Amino acid sequence: MERTSIRLGGVELASSVMNASGARSAERGEIYELCAVHRGAIVFKSCNRSGLDTPENLKNRGVEHFQSIASELTARNKRVIGSVVGASEEEFIDVARMLDCAGVNIVELNLADDYVTKSVAPFASFERLKSLIGGVRSETGCVLAVKVPPPRIPFEPRAIADLFKSMRIAVAVCANDLSKDLSVEIASGTVQGPARTLSQAHAFFKESENLLDVMAVGGINSGRDAYVAHLTGAKAVQVGSALMKEGAGALGRIDRELDSILGEHSHKSVSEIVGKVRFTG
């Protein structure tokens, strides 16, 4: 299904669909199960230096556990995205560096979780955000992504996008918080009403001026959901709830559904439709 392949932050991926960090992606067995049934990238659960027992959503065995799995998978040419949390800037830097050394293709800095907000407070000031990102960037050579909090942060998307671009952050992981009553005409890619910002992912796409790739997370339960997310600016999508409900097969199902929709409308690839939403009013 070459139609759903993409280039994310310069990394070639066989599919724009992948698991969200935390969804069946903490233990070796479940990670390998995802690899067996889905050709796209694998996103590890967010990890810190020595592991966490709480909070439950960040429970993990520590970076060495994921470092070992990353080495195994990348040796088999599997695309891997590591996700990092920490209680200090130093921890973020150490964990990102270890994952980079293990060969992960993209390191995601998870700055959206409450654990990070309370411990590191990366969005407390622009200087703090720049210091954290800059520290990681100076110690790693891999592609970097940043998962941004929901739209309650004190900075405008344009300011954050400009900072990311200046510090060679290639990917922004954003909320796919489209309105539940949003009506999209798939055949034409149109939305009723005047031009407006439809989601956090859409905002970052518009403000980054094509110099930043956007990955949308949340609300992706079908190929149609993925298609709409792509129309509104997402280069890639992460699947969480559907994966937890259905199991590993959800990724392949959504990928196939997306491929079918692209084919129905004579699109050669996902890249053709990214950000192509149109408004009628």
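Just so you know, my numbering puts 178 at position 178 of the sequence shown, and the rest follows in order with no gaps.
In this text, a Cβ means the ideal position worked out from N, Cα and C, and glycines have one as well.
The model shown is predicted, which means the values in this text are computed figures rather than measured ones.
Backbone secondary structure at residue i - three-state DSSP
i           : result
residue 44  : coil
residue 105 : coil
residue 282 : Nothing about residue 282 can be read from this structure; the chain reaches only from 1 to 281.
residue 131 : helix
residue 116 : helix
residue 167 : coil
residue 77  : coil
residue 6   : strand
residue 83  : strand
residue 13  : strand
residue 204 : helix
residue 185 : strand
residue 213 : strand
residue 110 : strand
residue 278 : strand
residue 245 : helix
residue 124 : coil
residue 60  : strand
residue 34  : helix
residue 239 : strand
residue 159 : helix
residue 234 : coil
residue 226 : helix
residue 148 : coil
Reference residue i; option with closest CA among the options
i           : options               : result
residue 215 : 236, 169, 117 and 209 : 236
residue 176 : 188, 4, 149 and 5     : 149
residue 209 : 158, 196 and 249      : 158
residue 12  : 41, 91 and 186        : 41
residue 77  : 102, 90, 49 and 89    : 102
residue 115 : 166, 153 and 46       : 46
residue 135 : 200, 124, 94 and 98   : 94
residue 138 : 151, 167 and 123      : 167
residue 17  : 84, 240 and 74        : 240
residue 151 : 133, 112, 143 and 128 : 112
residue 273 : 246, 244, 227 and 247 : 227
residue 180 : 193, 198 and 169      : 198
residue 245 : 262, 221 and 263      : 221
residue 85  : 68, 79 and 118        : 118
residue 211 : 238, 225, 252 and 169 : 169
residue 35  : 262, 261, 252 and 263 : 252
CB-CB length for residue i against residue j, believed under 8 Å
i           : j           : result
residue 106 : residue 171 : 7 Å
residue 96  : residue 140 : 5 Å
residue 43  : residue 20  : 7 Å
residue 258 : residue 189 : Their Cβ separation, rounded to whole angstroms, is 14 Å, which puts residue 258 and residue 189 out of contact at 8 Å.
residue 187 : residue 265 : 6 Å
residue 217 : residue 173 : 6 Å
residue 204 : residue 161 : 6 Å
residue 233 : residue 201 : 5 Å
residue 89  : residue 129 : 11 Å between Cβ atoms; not a contact.
Residue j beta carbon less than 8 Å from that of residue i
i           : j           : result
residue 213 : residue 15  : no
residue 270 : residue 4   : yes
residue 182 : residue 147 : no
residue 57  : residue 51  : no
residue 229 : residue 242 : no
residue 164 : residue 126 : no
residue 219 : residue 178 : yes
residue 104 : residue 70  : yes
residue 10  : residue 191 : no
residue 49  : residue 91  : yes
residue 99  : residue 123 : no
residue 248 : residue 72  : no
Any non-hydrogen atom of the ligand ADP within 7 Å of residue i CB
i          : result
residue 70 : Only the bare structure without any ligand can be found here, which leaves the ligand ADP out of the picture.
**Message:** Quick test of the definition: if touching needs 3 or more C-beta pairs under 8 Å, does the region 23 to 34 touch the region 264 to 281?
**Reply:** Contact between the region 23 to 34 and the region 264 to 281 is absent, because fewer than three Cβ pairs lie under 8 Å.
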